[in-house]
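Quick note on our numbering: the sequence shown kicks off at 2 and runs consecutively. Think of the CB as a built atom: it goes at the ideal place given N, C-alpha and C, for glycine as much as any other residue. Below is one structure, written out as structure tokens, with a few remarks after it.
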Amino acid sequence: MLSHFRILSLLLLMPLFATSQKVVYSKQEIDAYSYDFIKIAGYNENEFFLFQSNLPFENDRDRIGFKSRKYQITCYNNNLTVKWSKKFNPSNDKERIETMAVINGKVVLIKSTFTDKEDKLNVYASPLDDSGKESASPLLLGSIAFDKTSSLDKIKIIASQRNNLFGIIQNEKKQNGMQKLHCIVISSELVTMRQLQFDVPYPEKNFSYENWLLTEAGDFVLEGSFYSKENNEKRKRWDAYKLFVSLNGNEGAVEYAVNKSDIELNGSNIAYDIANKQLVLAGFYTDKTNGKSGIIYATLKTESNDSLKIFRQPIGESTQARMFSGLTIDKSNTGVDNLNIEKIILRNDGGAVLITEMSYVTDYSYYDYFTQNYIRSYEYHFNNAVALSVNADGSIDWDAVLRKDQVSTNDYGKYSSFTIAQTDNEINLVYNTRIDRNNSVAVFRVKNNGTSDTKEFIQPEDRIMIIPFAARQISADELVIPCWNRKKLLMAKIIFNE
């Protein structure tokens with residue numbers, strides 16, 4: 002679908018934007034009791050799958066919660082009727098459900114057990130059949146050896162772009178503060194293709210894992226941020242981006258760095274350009290000498306012993322003025338420090354469209370006289386979103402700005418930000434306009450020449466609040482997304498180009 006995102010002369014004969022979006026809702030409510038965390042994890046030709054848990058899916062570093070974690074999986078037909086819904090728990094005290102994924106159109110539970118000596122972690126795949134019944138004989142995918150004094154993060158699973166390969170990632174935190182990464186690469190047929198491991202030669206306190214990537218060739222990439230001083234949760238800028246690239250056929254990894262002494266870095270993401278056979282890294286920088294900001298755009302050819310090509314392009318004052326216009330926040334929270342690249346949409350010419358968003362968290366404490374305790378609250382801010390089309394050298398071709406100001410308290414920003422749906426001719430950002438009872442749902446539409454508009458298609462009187470991060474695009478013009486309708490949690494389908 003990404004290959005279609007290019008300028009076509011045929012567009013000159015078409016209306017500037019599609020006329021409408023159609024929304025349909027499920028008649029059955031989603032069971033939200035004890036399952037606050039929710040996401041649509043995958044689909045096949047006729048169905049899609051809703052995953053729910055009582056603990057955050059993104060909490061990859063927490064193995065302590067295994068005993069209290071609950072899972073529920075619901076299979077929906079494409080007409081939004083429920084085919085089956087089941088709860089899943091470990092079958093014995095030694096077994097752990099690490100994570101779940103949709104592989105080759107079926108739900109697969111990824112499980113683990115320790116060996117008797119407890120210096121190896123055995124990893125299994127347990128697929129579900131068409132009725133949601135779990136396999137009686139899980140498949141052993143591999144064993145991960147680790148130091149007895151180390152601690153292990155919760156397993157994470159990633160997919161290649163075309164979902165032909167899957168990477169099962171295990172991070173080992175050593176007693177000396179260093180880290181070691183393990184990955185088992187499997188096919189969509191649940192056959193183990195390769196197993197790799199490599200040391201990350203930086204203390205955990207100085208190095209933050211940011212993004213992972215698996216190519217269709219089985220190459221594995223880790224991208225992280227390095228800071229020479231001790232890391233903390235509020236850190237926004239970094240001294241360097243680090244790439245660890247493990248090509249198929251190699252057990253270890255080669256390290257590459259975007260490291261300039263005169264700049265600080267933030268907000269990065271990575272993607273693999275299949276057409277040009279290269280890894281792409283994009284992020285933002287701030288010049289330490291003059292305070293000016295810009296874009297870092299780096300590429301690495303994976304089929305040759307090429308060096309990392311790094312391009313550094315400033316963002317002009319007029320572009321920055323558009324990016325941060327309309328905001329009523331403190332100036333200290335504007336600028337590229339709070340910009341994050343949410344997605345890289347690749348162009349055929351080696352350039353890309355960077356979908357970015359300004360977001361940050363503030364906290365404050367107050368004394369509650371009723372409980373006689375100090376209470377800490379967290380405010381989640383999601384402000385303007387910006388689509389930046391950049392050329393192969395990182396220079397900006399065009400920009401399109403969605404002006405919004407989403408603020409919520411103590412909800413992890415659950416209803417803020419946006420979800421992305423790509424059609425042949427448009428990038429669509431779907432979002433809640435307000436995080437309150439007067440909310441409407443809107444779409445910000447961007448053409449491939451940078452032309453954009455905004456349209457509200459669900460009105461305040463409909464009393465709908467979508468959950469953007471839980472959404473999934475299931476076809477060229479269909480997006481499914483959980484939403485609240487007053488006190489009912491429903492499944493919705495948004496059909497574009499109606």
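Within the segment 65-117, no run of alpha helix (DSSP H) reaches 4 residues while sitting entirely inside it.
DSSP places residue 320 in the uninterrupted alpha helix (DSSP H) bounded by 318-324. Judged by DSSP secondary structure, residue 159 falls within the beta strand (DSSP E) whose first and last residues are 157-160.
Here residue 168 is bridged, per DSSP, to 159, 186. Residue 400 places its beta carbon less than 8 Å from that of residue 387. In the three-state reduction of the DSSP assignment, residue 470 falls in the helix class. In the three-state reduction of the DSSP assignment, residue 206 falls in the helix class.
Just so you know, the alpha carbons of residue 392 and residue 352 end up roughly 4 Å apart. Cβ atoms of residue 218 and residue 158 stay farther apart than 8 Å, at about 18 Å. Its chain contains 145, 171, 198 as the residues whose beta carbon lies nearer than 6 Å to that of residue 183, once the 5 sequence neighbours on both sides are disregarded; these appear in chain order.
Inter-residue distance for residue 195 and residue 341 is about 32 Å (C-alpha atoms, whole angstroms). For residue 313, the enclosing beta strand (DSSP E) stretches over residues 310-315. Residue environment analysis places residue 43 among the buried positions, since at least 16 neighbouring C-beta atoms fall within 10 angstroms of its C-beta.
Residue 84 and residue 26 have their C-alpha atoms roughly 16 Å apart. If you draw a straight line from the Cα of residue 208 to the Cα of residue 225, it comes to about 7 Å.
A straight line joining the alpha-carbon of residue 297 with that of residue 88 spans about 45 Å. Sequence-distant partners of residue 86 (beyond 5 residues in either direction) whose C-beta falls short of 8 Å from its own C-beta, in its chain, are 32, 73, 74, 75, 76, 133. Here residue 489 really is in contact with residue 30; their C-beta atoms are around 5 Å apart, less than 8 Å. Closest in alpha carbon position to residue 426, among 116, 121, 477, is 477. In the three-state scheme derived from DSSP, where H, G and I count as helix and E and B as strand, residue 338 is classed as helix. In this structure, the beta-carbon distance from residue 376 to residue 39 does not fall below 8 Å.
Assigned with DSSP and collapsed to three states, residue 462 falls in helix.
Judged by DSSP in its simplified three-state form, residue 150 adopts coil rather than helix or strand. Within the DSSP bridge table, the entry for residue 413 names no partner.
In this structure, residue 191 sits away from residue 257, with a CB-CB distance that is not shorter than 8 Å. Within the model, the alpha-carbon separation for residue 175 versus residue 202 is close to 11 Å. When secondary structure is reduced to three states using DSSP, residue 252 falls in the coil class, being assigned neither helix nor strand. For residue 307, the secondary structure class from DSSP, reduced to helix, strand or coil, is coil. Shown here, residue 350 sits in coil according to DSSP, grouped into three states, outside any helix or strand.
Beta-bridge annotation (DSSP): residue 433 is paired with 442.
The Cβ-Cβ distance between residue 107 and residue 129 falls below 8 Å. With a cutoff of 8 Å on beta-carbon distance, residue 327 and residue 381 are scored as not near each other. By a beta-carbon distance limit of 8 Å, residue 111 contacts residue 99. Their separation comes to about 5 Å. For residue 195, the beta-bridge partners assigned by DSSP are 186. Secondary structure at residue 298: strand, using DSSP grouped into helix, strand and coil. The closest CA to that of residue 294, considering only 127, 139, 384, 322, is found on 322.
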